[in-house]
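Worksheet: one structure, shown below.
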Amino acid sequence: MSRLRVELPGLSMRNPVMPASGCFGFGKEYANYFDLELLGAIAIKATTAEARFGNPTPRVAETTAGMLNAIGLQNPGLTGVMQNELPWLNQYNVPIVANVAGTEIDDYVETTAKLSQVENVHAIELNISCPNVKQGGIAFGTIPHVAAELTREVKNVSAVPVYVKLSPNVADIVEIAKAVEAAGADGLSMINTLLGMRIDLKKRKPILANGYGGLSGPAIKPVAIRMIHQVSQAVEIPIIGMGGIQTAEDVVEFMLAGASAVAVGTANFTDPYACPTIINDLTQILDDLEVESVKDLIGGAGKNATSTHNGTRFR
451 MSRLRVELPG LSMRNPVMPA SGCFGFGKEY ANYFDLELLG AIAIKATTAE
501 ARFGNPTPRV AETTAGMLNA IGLQNPGLTG VMQNELPWLN QYNVPIVANV
551 AGTEIDDYVE TTAKLSQVEN VHAIELNISC PNVKQGGIAF GTIPHVAAEL
601 TREVKNVSAV PVYVKLSPNV ADIVEIAKAV EAAGADGLSM INTLLGMRID
651 LKKRKPILAN GYGGLSGPAI KPVAIRMIHQ VSQAVEIPII GMGGIQTAED
701 VVEFMLAGAS AVAVGTANFT DPYACPTIIN DLTQILDDLE VESVKDLIGG
751 AGKNATSTHN GTRFR
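Residue numbers (the numbering used here): 451 to 765.
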C-alpha cells in the first residue's frame, strides 16, 4: 500500500492532492504539462444548470500573497460538461469531483441528479456561496438551516457522496459545518475565498468590475488552517482542506490541522507543475518527519489546542 494513499467517501485517492475547483478548468490545459493520473483526484470547474458567461471584466486582480477574482461561475453548463468535458476526462484513471452551483435549490438538485450518474464522477462538491434568491439573495452557506436544507435536498438525489464547500465569510463556520453534517453531508471542503477588494488609484474605483471579489492564495492560509482545526474537532466527517497551499509542507500542515486530503488552487496559475511537484515532495517530507503514512498526519496537531483572545476561548 502506498504511503500517500488516502480513502475518503467515494474517493480512493493514490495521494491526498487534487487541484481545486475553479483553478484547473477541466484539466485540458494542464494535460499539456503532466499526466493527470499523477493527481489524487480532480475537482472540476463549477457547473450550473445553464451555461454562464460570468461577470464583466476585469475580474482578476493580483494582491500581496494572493489574488482576487470575481469570475462569476463561467462554465459551459450542465449539458456542455456532460457532453464534452467529462467524456474527455474519462481517458484518465482519476476520480472526478464535480462542483455544483446554482441560485435556487432546484438548480442544485437538477445538476446533481444528472452529474452524479456520470461514470467517472465519484463525488459532488456543493458550492454554497451562491445567492439564494428565495431568501433575498443571501448565500446558501451563511445560515445553518438554509445550508442544511440544500444539503438534504441534494443528498436525496445524488448517486455519489456529497461534500459541502464552506464559505469563511460567516460568523461561525463550525455552526454551518455541524448543520450540513446533520443534514447528511459525507464530507466538507474548506475554505472558499475570503471577500476582498482592491482600488485603482488613478481611476479611484475598484479594480474588479464586480467591485468585490474572492481572495485566495497564501494570504488566506492561516485562516484556513484555523478554521479546519476548529471544524475538525466538531464534526466526524472528513475535510478536504484548501486555502493557499503551495508546497508539500503546506499539505502536511493542513493535514495536521485535521484535513484528510487537500486541494491546490491559486498556485496552479503561477506554476502549472504545482500539484505534481507537491506530490513528488511529499514522500521526502514523510521521511524527514519519520512518518510512515500521510494518514498518520490527519488531526495530528491535537484536539486540545486552545487559545484565548480578549476573554474569548477558541478551540
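The C-beta atom is built at its ideal place from N, Cα and C for all residues, glycine as well.
Is F764 buried or exposed, if buried means 16 or more other CB atoms sit within 10 Å of its CB?
Along the sequence shown, read from residue 1 onward, the residue named residue 764 stands at position 314. With a pLDDT of only 39 at F764, under the threshold of 50, the placement of this residue in the model should not be trusted; the figure read from the coordinates follows. The residue in question, F764, is exposed, as its Cβ has fewer than 16 Cβ neighbours within 10 Å.
With a threshold of 7 angstroms on Cβ separation, who are the neighbours of N627 within its own chain once the five nearest residues in sequence on each side are excluded?
Start at 1 with the first residue of the sequence shown, and residue 627 comes out as number 177. Looking at the sequence provided, one finds Ala at residue 627 rather than Asn. Same-chain partners within the cutoff: L616, L638, V681, A684 and V685.
In whole angstroms, give me the CA-to-CA distance for E625 and G634.
By one-based count along the sequence shown, residue 625 stands at place 175. By one-based count along the sequence shown, residue 634 stands at place 184. Those two C-alpha atoms are separated by around 15 angstroms.
What residue does the alpha helix (DSSP H) around K628 start on, and which one ends it?
Numbered from its first residue, the sequence shown carries residue 628 at position 178. Note, K628: alpha helix (DSSP H), I623 to A632.
In chain order, which continuous runs of the beta strand (DSSP E) of length 3 or greater are located wholly inside the stretch 625-679?
You should have 637-640, 644-646 and 663-666.
Here's the rule I'm using: 16 or more other beta-carbon atoms within 10 Å means buried, otherwise exposed. How should G691 be labelled?
As a working mapping, residue 691 is identified with position 241 in the sequence shown. Looking at its Cβ environment, which holds 16 or more other Cβ atoms inside 10 Å, G691 is buried.
If we call anything under 8 angstroms between Cβ atoms a contact, is P545 one with S462?
Taking the sequence shown and counting its residues from 1, one reaches residue 545 at position 95. Taking the sequence shown and counting its residues from 1, one reaches residue 462 at position 12. Yes, the Cβ-Cβ distance between P545 and S462 is below 8 angstroms.
Note the first and the last residue of the continuous beta strand (DSSP E) segment covering A548.
The residue you call residue 548 lines up with position 98 of the sequence shown. Note, A548: beta strand (DSSP E), I546 to V550.
Below 8 angstroms, can you find three or more Cβ-Cβ pairs linking the stretch 480-494 to the stretch 541-555?
Touching, yes.
Ends of the alpha helix (DSSP H) at M705?
As a position in the sequence shown, residue 705 is number 255, starting the count at 1. First-last of the alpha helix (DSSP H) with M705: A698 to A707.
Near N642, which residues of its chain fall below 6 angstroms by C-beta distance, leaving aside the five closest residues on each side in sequence?
Locating residue 642 in the sequence shown gives position 192, where the first residue counts as 1. The residues are S579, K615 and S617.
Return the chain-ordered list of same chain residues with a C-beta closer than 7 angstroms to the C-beta of F704, the five sequence neighbours on each side being excluded.
Counted from its first residue, the sequence shown places residue 704 at position 254. The residues are I675, I678, G691, I695 and V712.
Can you tell me the Cβ-Cβ gap for N613 and E575, rounded? I've got them flagged as a contact below 8 angstroms.
As a first step, residue 613 is located in the sequence shown; it is residue number 163 there, counting from the start. As a first step, residue 575 is located in the sequence shown; it is residue number 125 there, counting from the start. Residue identity check: residue 613 is Tyr in the sequence provided, not Asn. With a Cβ gap of about 5 angstroms, Y613 and E575 count as contacting.
Hey, would you say G516 sits closer than 8 angstroms to S666, going by beta carbons?
Against the sequence shown, residue 516 aligns to sequence position 66. Against the sequence shown, residue 666 aligns to sequence position 216. Taking 8 angstroms as the Cβ cut-off, G516 and S666 qualify as a contacting pair.
Closest to T513 by C-alpha separation, out of V596, S710, Q567 and G663, would be which residue?
Along the sequence shown, read from residue 1 onward, the residue named residue 513 stands at position 63. The residue with the shortest Cα to Cα distance from T513 is G663.
How would you call T758, buried or exposed, if buried means at least 16 neighbouring beta carbons within 10 angstroms?
Within the sequence shown, the letter at position 308 stands for residue 758. Unreliable positioning characterises T758 in this predicted model, as indicated by a pLDDT of 41, which lies under 50. The coordinate reading is nonetheless provided below. That one is exposed.
Return the first residue and the last residue of the beta strand (DSSP E) that I690 is part of.
For the purposes of this step, residue 690 is identified with residue 240 of the sequence shown, where counting begins at 1. I689 to M692 is the span of the beta strand (DSSP E), which, as asked, contains I690.
Can you grab the Cα-Cα spacing for the pair A563 / E487, in whole Å?
Counting from one through the sequence shown, the residue named residue 563 turns up at place 113. Counting from one through the sequence shown, the residue named residue 487 turns up at place 37. One C-alpha to the other measures close to 26 angstroms.
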